[in-house]
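In the working numbering, the protein residues as written are 90 to 505.
Glycine included, C-beta positions come from ideal geometry on N, C-alpha and C.
Taking it in order: structure first as structure tokens, then the write-up.
Next up, the structure:
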């Protein structure tokens, strides 16, 4: 007896396919809304470092202290991520992202405070408040990205992460250009970006991933990427974050104060570094499942050392060295997003929110502390020697990546 399919089975399949496409389209819209939120939040972190020289002249505050204040936003925004990654593991509403972005925007008021004996304290208070706001966007946003199950985790994580770096780098060009033409107080208008960027976030009705896994349960797994030990991965992420933090905090000031370039070009240089990093991260993030995530980490870190050293040698001599800076970012920036991607499935007793809070927060907090340690040296030896620590960091990162690669390989060979 031949069984014929139901008369309307074709219509049923069409409806299923249509609903699937609508769901995938909706998830892409949600991902784009999340990336916009992340980009705007990190813009507020990157607007202070490029205008340290005008702030020094206006407020008569020592440059090392201003470097600490600029990095304090990044420190607070990242150290607060660790507890935030734990306290809301079972909440699905994006209310903290909304509140966080509105607080993050207050950083634009740091360069427009009245001059006086209390201006330094005001800057520090605003830096802490803005950092707390930025802190909520990262783990909360990554939990939302984790719930977009119709998009490849490699691609979704990379897009989300590089959006933040793009915003961070774009802040350099925005703040330096506005300050050069309209003064430090013009940066206050950038606050409007915070409420405007929340409109797509609320319109797409984003729900955050709910982590119900107990601490003692096995971590999530993925066929796309290896399960690596979390602690060496955390060390690797910290080194890569420190390399980026040194460039972000010191490079614009070095180009303006020591290399003699205009304020706007100094900010533009780091913004172009961000553009190269975004294009590279999306390109390599798409290819990572084929190439291998750990192989990509090793190669990008290894190439980053000579490319960075060559740029620092050429930069004071020729403006066109910025092209090399963009290419360097194209190669190296994929490293940190891959660390975040691997942390989603890393071997650890920590649950998802804790791993994300550490890899995206504690790493950059450690980078900010390192900036605080070396900032007093800027008045004694200049900024150039401190910038050369970047390529040394890439060599260290390459060594850690090789160690992780061998650990994973040995585990597969032994079957443990």
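From this set, the options, which residue's C-alpha is nearest residue i's C-alpha?
| i | options | result |
| --- | --- | --- |
| residue 462 | 149, 222 and 331 | 331 |
| residue 506 | 393, 413 and 394 | Outside the displayed span of the chain (90 to 505) sits residue 506, for which this structure offers no information. |
| residue 430 | 248, 369, 267 and 496 | 248 |
| residue 405 | 368, 346 and 459 | 346 |
| residue 491 | 325, 441 and 440 | 325 |
| residue 355 | 143, 128, 123 and 126 | 143 |
| residue 438 | 316, 151 and 496 | 316 |
| residue 204 | 148, 115, 195 and 268 | 148 |
| residue 411 | 455, 344, 497 and 374 | 344 |
| residue 35 | 373, 348 and 447 | Here the chain has residues from 90 to 505 only, and residue 35 is not among them. |
| residue 336 | 210, 478, 323 and 233 | 478 |
| residue 164 | 281, 192 and 217 | 217 |
| residue 270 | 397, 329 and 352 | 352 |
Tell me the rounded alpha-carbon separation between residue i and residue j.
| i | j | result |
| --- | --- | --- |
| residue 426 | residue 393 | 15 Å |
| residue 376 | residue 184 | 34 Å |
| residue 342 | residue 259 | 16 Å |
| residue 318 | residue 435 | 6 Å |
| residue 370 | residue 340 | 21 Å |
| residue 399 | residue 265 | 25 Å |
| residue 125 | residue 286 | 7 Å |
| residue 182 | residue 141 | 38 Å |
| residue 380 | residue 387 | 11 Å |
| residue 118 | residue 173 | 25 Å |
| residue 120 | residue 391 | 31 Å |
| residue 378 | residue 240 | 14 Å |
| residue 350 | residue 289 | 38 Å |
| residue 373 | residue 151 | 41 Å |
What do you get for residue i, buried or exposed, if any count of 16 or more other CB atoms within 10 angstroms of its CB means buried?
| i | result |
| --- | --- |
| residue 468 | exposed |
| residue 170 | buried |
| residue 279 | buried |
| residue 445 | buried |
| residue 402 | exposed |
| residue 146 | exposed |
| residue 207 | exposed |
Going along the chain, which residues of its own chain have a beta-carbon closer than 6 Å to the beta-carbon of residue i, five neighbours each way excluded?
| i | result |
| --- | --- |
| residue 135 | 257, 260 and 261 |
| residue 450 | 167, 170 and 171 |
| residue 102 | Caution applies to residue 102, whose pLDDT of 48 falls short of 50 and renders its modelled position unreliable; the model cannot decide the point. |
| residue 421 | 389 and 393 |
By Cβ distance, which residues of its chain are closer than 8 Å to residue i, with the 5 residues on each side in sequence left out?
| i | result |
| --- | --- |
| residue 188 | 222 and 225 |
| residue 334 | 160, 163, 453, 456, 457, 459 and 460 |
| residue 419 | 365, 366, 368, 369 and 372 |
Between residue i and chain C, is the shortest Cβ-Cβ distance under 9 Å, so that the two count as touching?
| i | result |
| --- | --- |
| residue 455 | Absence of chain C from the displayed structure is noted, only one protein chain being present. |
Here's a check: name, in chain order, each residue in its chain whose Cβ is nearer than 7 Å to the Cβ of residue i, leaving out the five neighbours to either side.
| i | result |
| --- | --- |
| residue 159 | 137, 138, 141 and 338 |
For the segment 200-238, list the alpha helix (DSSP H) runs that are entirely contained and at least 4 residues long, ordered along the chain. 208-235
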